[in-house]
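In the working numbering, the protein residues as written are 1423 to 2168.
Written below as structure tokens is the structure these notes are about.
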């Protein structure tokens, strides 16, 4: 594979272990050559990772800042080949960066290549005709799960191979492709894992999997600061790391994207082709080239005696992964899974009695990364041609039977919130003037005449991102095989609570939405009515409560001046509030663009008057979130993030183990997220929570926490499933993996 060092693809770490001596010698030669011949050569300046770090890659874990420093060092050594770009910061302030590596001639016109790539996809604003005589983009993303830590180590090896001038073959590849390396998508999670590991490992690693260095504590390094799984966030873009990355990604639109992962340490390596189910927007070319890439990897793995598997477990359906999201946007998107994960440490004995080391793990990821670049370079022209064809087909409305999706709601905020997500994903939307049509009604499951609820948006299938639009908006996803390890339903109209129609005809969609209807401030000497209809209503309520304004709510519908108000409507009255209350309410109206109505009397046309027992005063929530060991880190994280970033409302995080010692008299709401709790069965904790409820406190138990409480003497009851023990006994042994996947998150 490499003319200068045939074993490099097989034993890259051996090269780096012995690199120190050769690099020092090269530096001496550089000084001599510069003095004597006055010539410059790059070879003597590119640091091998082992020299820069002070240890061979794989013999220690490398903290994120050192990975960044290594990339900067190489970029300074090879400015003719490498350009670095910091695209953001994590929640904890760590840099997020990309390295662009390509031949000097390509690097000089890097922005031109990017612009032409967007033109190929029909996404460029300049509308200049593209050329297919161009350079495809190969994007390698490492370490989205922080405790799958071998991949950032491999990223450094890959960078060195591509920039080492002794590698003539790599230099040829870089004439054909632009390589983009994101060395660590999740730096906060990576450093959380590495800092913990370094704090518990001894002078020598212990390969016994029962040793503490293989048992990572809560919350683990998999997730980001807010315990979100960033590999489930590509389409939804809820997290700051994803938001910043996708802004850059969507200005490049690579032809190849690889997402490097790790799985259990007993598992052989997994690479493409993927398993069924494939979403039906995936083209034959995308399927076929996955197979070609897999066969290229297999050559190197077979030669080294490394086991691997393909076509199993890791499917291409759920749209928010690092393989599916790029695939639905025209790329060959792939997941590579190395055995190891958090339990791998620096070395661990697997169930076969073999020792799997970090050196092994980094070498395998390095090999598939280099192999991906190799085969992409050899098929550069075809990658460009098929990429353009994918988007040509999208612009002609080819993906799917539905040609227009129309969403409508009485609540403008819901429509605009949905529009904001579509915009983040580059999907065009707009309005329609002809509203006389029939389509598949998402609510009834039948063809019905369209009814405009007041606000609407429409998405045409005749656009560059038609495939992605279909995936996100179609009413029902076709699943060829239920053996998938994630959800199979995510249709955005259902998720946003809007009415929707899928239409088989092309409707004329005028791109863009009209300017938002400005929320009107209210003036009243009596009070204000705020319908509680959307997340913006919740944000406004949180804002108002934080300012100390007292809020009431109704438990029954009522009418005032011919307007009907539903249960849960908020009432903010002058009585019980101090001066300035109305200013606070109007600030919330303007900030969150919510509808509010003035009211001048407590006498209602219909329903309870404002002094009725059915009108309740809302206590200002003082919230405890149970967290730490026993809770699901993802479950606790989603609540924490929701309060911090959506509601912007304070809450107190209490470890589950400390619940029995916590003075709950200071709070009126306890949120118990998903988890497996010992504390809930402890008498002292149960008694304290029951006393809390008797005193007027509220407990919100989620998912398995609710199941556990229903199984105790809380008075809650869980509906029992029909006894299916007999049918379970009849299940085939061969179907055990299918059953396991339904309850797992790899």
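For every residue, glycine included, the Cβ atom is placed at its ideal position computed from N, Cα and C.
- What's the C-alpha gap between residue 1610 and residue 1487? About 11 Å.
Problem set entry | Which listed residue (1830, 2116 and 1565) has its alpha carbon closest to that of residue 1663 | 1565
(Q) Quick check: the stretch 1745-1759 against the stretch 1668-1684, are at least 3 beta-carbon pairs closer than 8 Å? (A) Yes, they touch.
Tell me, to the nearest whole angstrom, how far the beta carbon of residue 2040 is from that of residue 2092; I am working on the premise that it is less than 8 Å. Not confirmed; about 17 Å, so no contact.
Notebook entry, point to check: Taking C-beta to C-beta, are residue 1748 and residue 1701 nearer than 8 Å?
Noted result: Between residue 1748 and residue 1701, the C-beta spacing is not below 8 Å.
Tell me the DSSP secondary structure of residue 2233 in three-state form. With the chain covering 1423 to 2168 only, the question about residue 2233 has no answer from this structure.
Exercise. Leaving out five residues on either side along the sequence, give the residues of the same chain with a beta carbon under 8 Å from the beta carbon of residue 2169.
Key: There is simply no residue 2169 to check, as the chain begins at 1423 and stops at 2168 in what is shown.
In its own chain, which residues sit with a C-beta less than 7 Å from the C-beta of residue 1572, not counting the 5 before and 5 after it? 1684, 1760, 1762, 1780, 1783, 1784 and 1787
Check your understanding: How would you call residue 2017, buried or exposed, if buried means at least 16 neighbouring beta carbons within 10 angstroms?
Key -> buried
Cβ neighbours of residue 1600 in the same chain (closer than 8 Å, five flanking residues each side left out)
1522, 1523, 1524, 1528, 1532, 1535, 1557, 1558, 1559 and 1560
>> According to DSSP, simplified to helix, strand and coil, what is residue 1618?
In response: helix
| Are residue 2029 and residue 1981 close, meaning C-beta to C-beta below 8 Å? | yes
Could you tell me which residues DSSP pairs with residue 2040 in its beta bridges?
1973
### Message
Let me check one thing: in DSSP terms, what residues is residue 1517 bridge-paired to?
### Response
1511
So for residue 1693, helix, strand or coil by DSSP? DSSP places residue 1693 in coil when its eight states are reduced to three.
Within the chosen definition, does the stretch 1855-1867 reach the stretch 1801-1813 through at least 3 CB pairs nearer than 8 Å? No, because fewer than three Cβ pairs between the stretch 1855-1867 and the stretch 1801-1813 fall closer than 8 Å, the two stretches do not touch.
(message) Between the stretch 2051-2059 and the stretch 2095-2104, can you find at least three pairs of beta-carbon atoms closer than 8 Å?
(response) Yes, the stretch 2095-2104 touches the stretch 2051-2059.
How should residue 2072 be labelled, buried or exposed, when 16 other C-beta atoms within 10 angstroms of its C-beta is the threshold for buried? Residue 2072 comes out exposed.
Mark residue 1729 as exposed unless 16 or more other C-beta atoms lie within 10 angstroms of its C-beta, in which case mark it buried.
exposed
* Asked: Where does residue 1570 fall in DSSP's three states?
  -> coil
key: Continuous alpha helix (DSSP H) assignments of at least 4 residues falling wholly in the stretch 1660-1709   = 1662-1671
message = Taking only three categories from DSSP, how would you classify residue 1879?
response = strand
Going by DSSP in three states, residue 1854 sits in which element: helix, strand or coil? coil
- Count the C-beta pairs between the stretch 1476-1491 and the stretch 1634-1650 that are closer than 8 Å, then say yes if the count reaches three, no if not. no
CB-CB under 7 Å to residue 2184, same chain, minus the five flanking residues each way: which ones, in chain order? Absent from the model: residue 2184. The displayed extent of the chain is 1423 to 2168, so no value can be given.
Is the number of C-beta pairs between the stretch 1960-1967 and the stretch 2059-2079 that are closer than 8 Å three or more? The answer is yes - the stretch 2059-2079 touches the stretch 1960-1967, with three or more Cβ pairs under 8 Å.
### Message
Can you look up residue 1522 in the DSSP assignment and give me helix, strand or coil?
### Response
strand
For this session: Would you identify the three-state DSSP class for residue 2032, choosing helix, strand or coil?
Result: coil
| message | On the criterion of 16 or more Cβ atoms from any shown chain inside 10 Å, does residue 1655 qualify as buried, or is it exposed? | response | buried
- Item | At least three beta-carbon pairs within less than 8 Å, the stretch 1993-2004 to the stretch 1942-1956 | yes
### Query
To the nearest angstrom, how far is it from the Cα of residue 1697 to the Cα of residue 1704?
13 Å
What is the DSSP secondary structure of residue 2115, reduced to helix, strand or coil? Residue state, collapsed to three classes: helix.
Euclidean distance between Cα positions of residue 1939 and residue 1978: 29 Å
Query - Every unbroken beta strand (DSSP E) inside the stretch 1819-1846 [3 residues or more] - result: Runs of the beta strand (DSSP E) inside the stretch 1819-1846: 1826-1831.
**Delimiting residues of the beta strand (DSSP E) encompassing residue 1762** = 1754-1762
Original post:
Relative to the C-alpha of residue 2169, which residue among 2104, 2063 and 1835 is closest?
Top reply: Here the chain covers residues 1423 to 2168 and nothing more, so residue 2169 does not appear.
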